[in-house]
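A.B. asks: The sequence shown begins at 1 in full-length UniProt numbering and counts up one residue at a time.
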Amino acid sequence: MLGIYFNSLGKKKTSVAKVLIKSGKRKIIVNNKNIYIYFKKGTSVEVINEILKEIDYSNLEIIVSVKGGGYMSQAQAVRMAISKCICAYDNKSKNLIRNLALSRFDSRVVERKKIGLVKSRKRKQFSKR
């Protein structure tokens, strides 16, 4: 039996994270792996821990499915989705999460390369002769 659960979606660049929070044991699973196994670098886990150290998740089970992008943008998408779920789960922590600005969408994306240029804005070297 699943019981009461909350789900949410978080995005960062091309990464999309779907999070399901339900009551249960204290564990975080990302793509059917433990969070520390999936995010090998400590900085990615630290990004997610920003939200987790502010709340008490001792009785929560967090299940994450994430696709696209790199590890850092995936971690930021997971953080955003978890913060949205926590707002729905616990109204007391809603103001805290808003003050930390963890549930806001970051609309910055990579600018595309233009025709005739080397990169998106870099031009070819000019030769006078």
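Ideal Cβ positions, reconstructed from N, Cα and C, are used throughout, including at glycine.
As the structure is a computational prediction, the values presented were derived from the model and not from experiment.
Can you tell which of Ile115, Gly70, Ala75, Lys128 has the C-alpha that lies nearest to the C-alpha of Val19?
C.D. replies: When only C-alpha atoms are compared, the closest one is Ala75.
A.B. asks: What alpha helix (DSSP H) runs, 4 residues minimum, are completely inside the region 67–116?
C.D. replies: As far as the region 67–116 is concerned, its whole alpha helix (DSSP H) runs of at least 4 residues are 71–89, 94–100.
A.B. asks: Can you give me the Cβ contacts of Gly69 inside the same chain, cut-off strictly under 6 angstroms, excluding the 5 residues immediately before and after it?
C.D. replies: Answer for Gly69: Lys13, Thr14, Ser15, listed in chain order.
A.B. asks: So, for Ser103: in the same chain, excluding its five sequence neighbours on each side, which residues have a beta-carbon less than 8 angstroms away from its beta-carbon?
C.D. replies: Only Met80, Ser83, Lys84, Cys87, Ile97 meet the Cβ criterion.
A.B. asks: Report all residues from its chain with a CB closer than 7 angstroms to the CB of Gly3; omit the five preceding and five following residues, and keep chain order.
C.D. replies: Closer than 7 angstroms at the Cβ level, and outside the excluded window around Gly3, lie Lys22, Ser23.
A.B. asks: Helix, strand or coil for Met1 per DSSP?
C.D. replies: With a pLDDT of 44 at Met1, under the threshold of 50, the modelled position of this residue cannot be trusted, and the question is left open.
A.B. asks: So Ile51 is in the beta strand (DSSP E); what residue range does that whole segment cover?
C.D. replies: Note, Ile51: premise wrong, no beta strand (DSSP E); alpha helix (DSSP H) at 42–52.
A.B. asks: What would DSSP say about Ile37, mapped onto helix, strand or coil?
C.D. replies: In the structure shown, Ile37 sits in a helix (DSSP, three-state: H, G or I).
A.B. asks: Starting from Gly10, follow its DSSP beta bridges and name the residues at the other end.
C.D. replies: DSSP, once it has assigned bridges, lists Ala17 as partnering Gly10.
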